[in-house]
Amino acid sequence: MISSRRSWMLRTFAALATSSVLLSPFTAHAQASTTRILVGFPAGGGTDAIARILGERLQTELGRSVVVENKAGAGGQLAAQALKAAAPDGHTLFLSHDHSVSILPLTMKNPGFDPAKDFAPVAGFATFVNAVALSGGTPARDFKAWIDGVKAAGGKATMGIPAPASTPQFAVQVIGKQFGLDLVAAPYRGSAPMMADMLGNTIPAGVGSVPDFIENHKAGKLRVAAVMGTQRQAALPEVPTFTELGIKGFEELPYYGLFAPAGTPKAELDKLAAALQKVIAQSDVKDRLTAMGLTVGYMSGAELGKREAAYRDVWARIIKDSGYQPQ
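Counted the way mature numbering (1 follows the signal peptide of the UniProt record, and there is no 0) counts, the sequence shown spans residues -30 to -1, 1 to 297.
So, in C-alpha cells, the structure goes:
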C-alpha cells in the first residue's frame, strides 16, 4: 500500500513538473501578446474613458488582451516617455490628444521625447474642441453673463486647466486679453481632479475638452458656456463657439490618435490601424464617442502625422506670440 501510494505521488509530481514546463512558454506568450494602451492622465477623465471604450473592442479585432495603463503626471509627459522607452513590437501604444504630442515639445526645454523621431503614428480616430465650462455654483448662466460678472467683481477670476502649459492655459490668456480681465490659470494633474474642484465649486470655471465636461453638463452639474472652433458641436448645439463670441485664433481643431514607438514594423502598424478603423466604424462605438463630444473620423498614420505637424506649427505661433518661455 505504501509502495503503491509512493509510486502514485511520484507519477503525480512528475506530471506536474512536466505541465509547468509546458505551460511556461504559453504563459510567456500570453504576457507578450498583451497590448498596453498608455494614457497620460488619471482614471476618470475623458481620455481614460475613450481609451477604455476602444481598448475593449480592440481586444476582439486584434485577438489579444488589451489593457489601459494610466501613467498620469506632467500633462502626459510620463506616458510619452514610457512609449519612447518601450519595445517597438506593436504591444505598447499611446492614446493621446494634441497636448502631450504637439504642445509639450513647444513648452518644455527638454520633454524627454521628440514625436517626429521617437513616435510612429498608428492612426487618428477623432477631432474635438476645448470648451469653457462654469461650475454649478457660479451664478452666470452663459459666457457673456460670466464675463460681465467677473468685470463687476473687479476683473479677476481663476479658471482651472487640466495641465500646465497646455492649450487651455493659452486660451485663458487669450480670453483675459480679449475682454480686459485678469484671469489666472490654475493647473491640475488631469481633468478628473479639475472636475472634482469644479463640482465642489472650489473654482468658478475651467477650460478643458468637451469630453471632460459633457457628462456633467448634461446632468446639470456644470454648464459648458462656449466651445472653441468655428462650428457648434452636435452634442452641444445650444452652446456658442469662440468665433461667434469674437474670440479668434482657435480654429485649428485638436485631435485624438494612437501612437507606437518609432521602429515598429510597418506590418504591425498596418494591423493596428486596420483594427482601430474597424472599431470606430461600429455604430455603438461611434455613438458613444460622439455623445462624449468627439467628431469621429479615421485618419491613416500618414494623415495623423501630417495633422500633428500642422497643428504644432499653428500653436508654435500662438505660444510665441503669448510671450511664454519654455520651462
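Cβ atoms here follow ideal geometry from the backbone N, Cα and C, with glycine treated the same way.
Considering residue i, what are the terminal residues of the alpha helix (DSSP H) in which it resides?
i: A44; result: Where A44 is concerned, there is no enclosing alpha helix (DSSP H), given that its DSSP letter is neither H nor E.
i: M198; result: M198 -> no alpha helix (DSSP H), and no H or E assigned at all.
i: D152; result: Segment 152 to 157 is the beta strand (DSSP E) holding D152; no alpha helix (DSSP H) there.
i: S292; result: 271 to 292
i: D164; result: The amino acid occupying residue 164 in the given sequence is Met; Asp does not appear at that position. Its alpha helix (DSSP H) spans residues 161 to 169.
i: A126; result: Looking at the sequence itself, residue 126 is Lys, so the reference to Ala does not match. Element bounds for K126: not the alpha helix (DSSP H) but the beta strand (DSSP E), 126 to 131.
i: F220; result: Unbroken run through F220: none, as it is neither H nor E.
i: L76; result: 74 to 77
i: T172; result: That residue, T172, is in no alpha helix (DSSP H); it is neither H nor E in DSSP.
i: F140; result: 137 to 149
Please name the residue or residues paired with residue i in a DSSP beta bridge.
i: V177; result: V102
i: V120; result: Partner(s): none; V120 has no beta bridge.
i: V38; result: I7
i: V66; result: Going by the sequence as given, residue 66 is Ser instead of Val. DSSP output for S66 lists G227 as bridge partner(s).
i: F89; result: P231
i: L206; result: Q203
i: T211; result: V197
i: A96; result: Y226, V266
Could you tell me if residue i is buried or exposed, where buried requires 16 or more neighbouring beta carbons within 10 angstroms of its beta carbon?
i: S3; result: exposed
i: V111; result: Note on identity: in this sequence residue 111 is Arg, with Val being the wrong assignment. It counts as exposed.
i: D182; result: buried
i: S253; result: exposed
i: V37; result: exposed
i: T62; result: buried
i: E208; result: exposed
i: G190; result: exposed
i: E222; result: buried
i: T30; result: exposed
i: G25; result: buried
i: A42; result: buried
i: R277; result: buried
i: P109; result: exposed
i: G146; result: buried
i: P296; result: exposed
i: V249; result: buried
i: R193; result: buried
i: T(-4); result: In this prediction, T(-4) has a pLDDT of 37, which is less than 50 and means its spatial position is unreliable; what the coordinates show is noted afterwards. Result: exposed.
i: S292; result: exposed
i: Q1; result: Confidence at Q1 is low in this model, with a pLDDT of 44, below 50, so its placement is unreliable and no value can be given for it.
Can you give me the start and stop residues for the beta strand (DSSP E) that residue i sits inside?
i: R6; result: 5 to 9
i: S253; result: Unbroken run through S253 is the alpha helix (DSSP H), 253 to 261; no beta strand (DSSP E).
i: F229; result: 225 to 231
i: G19; result: Residue 19 is actually Ala in this sequence, not Gly. Taken as a continuous stretch (DSSP letters only), A19 belongs to no beta strand (DSSP E), being part of the alpha helix (DSSP H) at 16 to 32.
> For the region 67 to 76 against the region 271 to 287, are there 3 or more C-beta pairs whose distance is under 8 Å?
Replying inline: yes
> Between the region 123 to 130 and the region 201 to 217, do three or more beta carbon pairs fall short of 8 Å?
Replying inline: no
> Pairing CB atoms from the region 256 to 264 with CB atoms from the region 82 to 90, are three or more of them under 8 Å?
Replying inline: no
> Three or more beta-carbon pairs under 8 Å between the region 5 to 18 and the region 27 to 47, yes or no?
Replying inline: yes
> Is the region 96 to 110 close to the region 219 to 230, with three or more CB pairs under 8 Å?
Replying inline: yes
>> Does the contact criterion of 3 or more C-beta pairs under 8 Å hold for the region 230 to 245 versus the region 166 to 184?
In response: no
>> Quick test of the definition: if touching needs 3 or more C-beta pairs under 8 Å, does the region 205 to 220 touch the region 228 to 241?
In response: no
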